[in-house]
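Asker: Residue numbers (the UniProt record's numbering): 1 to 267. Using N, Cα and C, we set each Cβ at its ideal position, and we do this for glycine too. Handing you a structure now.
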Amino acid sequence: MESLRRLTSSVFDTGPVRLVRRASMGDDRPPDARSLDLTFMTEQLIIAGAPSDGPTEKKRNVVNVDELSSYLESNHRSHFMLFNLNALESEPSDIHILSVADRLHEQMLEFNWERDGMKAHTPPMDMIFRICYALVAWLSLDCHNVALINCQTGKTRSGVVVACYLLFTRLAEDPTDAFVEFYRKRWDMKSLTPQALKNKTPPSIQRFLAGFHTLLDKQKPPNDKPLLLKAVIFRQLPVELQPCVQIWDDYKLVFCTDGMQDGESGE
1 MESLRRLTSS VFDTGPVRLV RRASMGDDRP PDARSLDLTF MTEQLIIAGA PSDGPTEKKR
61 NVVNVDELSS YLESNHRSHF MLFNLNALES EPSDIHILSV ADRLHEQMLE FNWERDGMKA
121 HTPPMDMIFR ICYALVAWLS LDCHNVALIN CQTGKTRSGV VVACYLLFTR LAEDPTDAFV
181 EFYRKRWDMK SLTPQALKNK TPPSIQRFLA GFHTLLDKQK PPNDKPLLLK AVIFRQLPVE
241 LQPCVQIWDD YKLVFCTDGM QDGESGE
């Protein structure tokens, strides 16, 4: 982390970064990029599908790994890095991480925030900063460097990281606008409005993006003193079964009422 800070010197003085605007009369991506369904968020930041042995298919968010490797070697030789956000699983239809890394000449960084079986759309706050520092550091090393971001669905995780990167590099000033920019480009939702996306985005993701933006803006945590959780109270839940309460600390389960014997307190 500290070495990346030294490398970038100042995260906001990394040279000009421009969002790529598609021409109204057509798509200006190279033919190979179009066939692989690569989306250029900026001239150096690319969104890709999950590497697969099968054919490239945007609806399934997969890209043929050999075709991707060939494209990168032809167009960005020695200047590309894949930022994998989903920790490729070893199911029969999937490719092992080592196999993908080998075909991409070890130019891959793994950022996995699934812990103890917990899957979440948003990473811990310290990890999103590590991802942003790594992106800025890599792209600042050489103006020809490109970074590819991918996750299993190609939506939420990639969208969260892209939105945070746009905020981090001051290419966007509002968290919702940054999130909208991703969906407009990656999924061709040109008419998507910030309010429409906000209505469909879970509150947890909205809070995460807002919290990240606050940290960047204020340069300090919103709560500089520890908060003490004293109780969890549910009122008039429309369910027949007793609800389960879980408390997680940095993606580690520290408390769970499930399985507690009768007579024990659930607070």
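Round the Cβ separation of residue 83 and residue 149 to the nearest angstrom and send it over; I've been treating them as touching at under 8 angstroms.
Answerer: Position 83 of the sequence shown, counting from 1, holds the residue named residue 83. Position 149 of the sequence shown, counting from 1, holds the residue named residue 149. That pair is a contact at about 5 angstroms.
Asker: If distances are taken between C-alpha atoms only, which option among 40, 121, 188 and 176 comes closest to residue 195?
Answerer: Here residue 195 corresponds to residue number 195 of the sequence shown, with the count starting at 1. The shortest Cα separation from residue 195 among 40, 121, 188 and 176 belongs to 176.
Asker: From the DSSP output, in three-state form, read off residue 201 for me.
Answerer: Position 201 of the sequence shown, counted from the start, is the residue given in the question as residue 201. Correct three-state label for residue 201: coil.
Asker: Measuring only the C-alpha atoms, how far is residue 95 from residue 212?
Answerer: Within the sequence shown, the letter at position 95 stands for residue 95. Within the sequence shown, the letter at position 212 stands for residue 212. Residue placement at residue 95 is flagged as unreliable, the pLDDT there being 47, under the threshold of 50; the coordinate-derived value follows with that caveat. Distance between the alpha carbons of residue 95 and residue 212 is about 33 angstroms.
Asker: What's the call for residue 93, buried or exposed, on a 16-neighbour Cβ count within 10 Å?
Answerer: For this step, residue 93 is matched to residue 93 along the sequence shown. Residue placement at residue 93 cannot be trusted, given a pLDDT of 44 that sits under 50; the coordinates are not used to answer.
Asker: At the level of alpha carbons, what is the spacing between residue 25 and residue 134?
Answerer: As a working note, residue 25 is residue 25 in the sequence shown. As a working note, residue 134 is residue 134 in the sequence shown. Low confidence applies here, because residue 25 scores a pLDDT of 39, under 50, leaving its location unreliable and the question unanswered by this model.
Asker: Under DSSP, the alpha helix (DSSP H) around residue 167 begins and ends at which residues?
Answerer: As a first step, residue 167 must be located in the sequence shown, where it is residue number 167. Looking at the DSSP string, the run of the alpha helix (DSSP H) that includes residue 167 is 156–168.
Asker: I'd like to confirm the pairing. Which residues does DSSP put opposite residue 173 in its beta bridges?
Answerer: The residue you call residue 173 lines up with position 173 of the sequence shown. According to DSSP, which records beta bridges pairwise, residue 173 is partnered with nothing at all.
Asker: For residue 194, which three-state DSSP category applies?
Answerer: The residue labelled residue 194 in the question sits at position 194 within the sequence shown. DSSP places residue 194 in helix when its eight states are reduced to three.
Asker: Going by Cα to Cα distance, which pick from 216, 230, 121 and 235 is closest to residue 111?
Answerer: Translated into the one-based positions of the sequence shown, residue 111 becomes position 111. Nearest neighbour of residue 111 by Cα position, chosen from 216, 230, 121 and 235, turns out to be 121.
Asker: Mapping the DSSP letters down to three states, classify residue 24 as helix, strand or coil.
Answerer: Along the sequence shown, read from residue 1 onward, the residue named residue 24 stands at position 24. In this prediction, residue 24 has a pLDDT of 38, which is less than 50 and means its spatial position is unreliable; what the coordinates show is noted afterwards. Residue 24 carries a coil assignment under DSSP once its states are collapsed to helix, strand and coil.
Asker: Just mark residue 254 as buried or exposed, buried being the case when its beta carbon has 16 or more other beta carbons within 10 Å.
Answerer: By one-based count along the sequence shown, residue 254 stands at place 254. Flag for residue 254 reads exposed.
Asker: Let me know if residue 123 comes out buried or exposed under the rule of 16 or more other beta-carbons within 10 Å of its beta-carbon.
Answerer: In the sequence shown, residue 123 corresponds to position 123, counting from 1. Residue 123 should be labelled buried.
Asker: Kindly indicate which three-state DSSP category residue 65 falls into: helix, strand or coil?
Answerer: As a first step, residue 65 is located in the sequence shown; it is residue number 65 there, counting from the start. Helix, per DSSP.
Asker: Report the option in 222, 209 and 245 whose CA atom is closest to the CA atom of residue 232.
Answerer: Your numbering for residue 232 matches position 232 in the sequence shown. Comparing Cα positions, the closest option is 245.
Asker: Would you list the residues sitting across from residue 51 in a DSSP beta bridge?
Answerer: Residue mapping note: residue 51 aligns to position 51 of the sequence shown, counting from 1. Residue 51 pairs with 63.
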